[in-house]
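Structure, as structure tokens:
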């Protein structure tokens, strides 16, 4: 690691790591009502931010919204199965979904079955994926 003054520090590799948890929500979270309105086909990025990160043998796909009702829709719309439909390259990988209500985000962690390295472009098109989105969400600017 390089510090602001230019000094370099060696950061040791962790010798112990925690297992990935089951991805369950803490019990106090309760979704607000999901927005209504006639569904319209639109890109996921029209109602949510999308970010991906591929590091070695694993990746994260994060999708977040700007209000609680949009998060309630997102939490219901993006199951692990739906992520795999929207990003076909995830087929055969171990997928774990984490709901992060305090951030209004859904995070997906994917690991390939044999530990092979992943393509850095994996998941790049998720924001452009077309979904049926409640009309009320499309009427709100982030």
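In the numbering used here, the protein residues as written are 30 to 171.
Cβ coordinates follow ideal geometry from the N, Cα and C atoms, glycine included.
Fair warning: this is a prediction, and the values are worked out from it, not measured in the lab.
Q.
For residue 105 and residue 64, I'd like the C-alpha separation in whole angstroms.
A. C-alpha separation (whole angstroms): 12 Å.
Q. When the Cβ atoms of the stretch 34-46 are set against those of the stretch 138-146, are three or more pairs found closer than 8 Å?
A. For the pair of segments examined, the stretch 34-46 was found not to touch the stretch 138-146: the number of CB pairs separated by less than 8 Å stays below three.
Q: Check residue 111 in the structure and name its three-state DSSP category.
A: Three-state DSSP puts residue 111 in a helix.
Q | C-alpha distance - residue 97 paired with residue 36, whole-angstrom precision | A | Rounded to the nearest whole angstrom, the CA to CA distance from residue 97 to residue 36 is 43 Å.
**Q.** Proximity to residue 80 [Cα-Cα], best of 130, 87 and 93
**A.** Of 130, 87 and 93, the residue nearest in Cα terms is 93.
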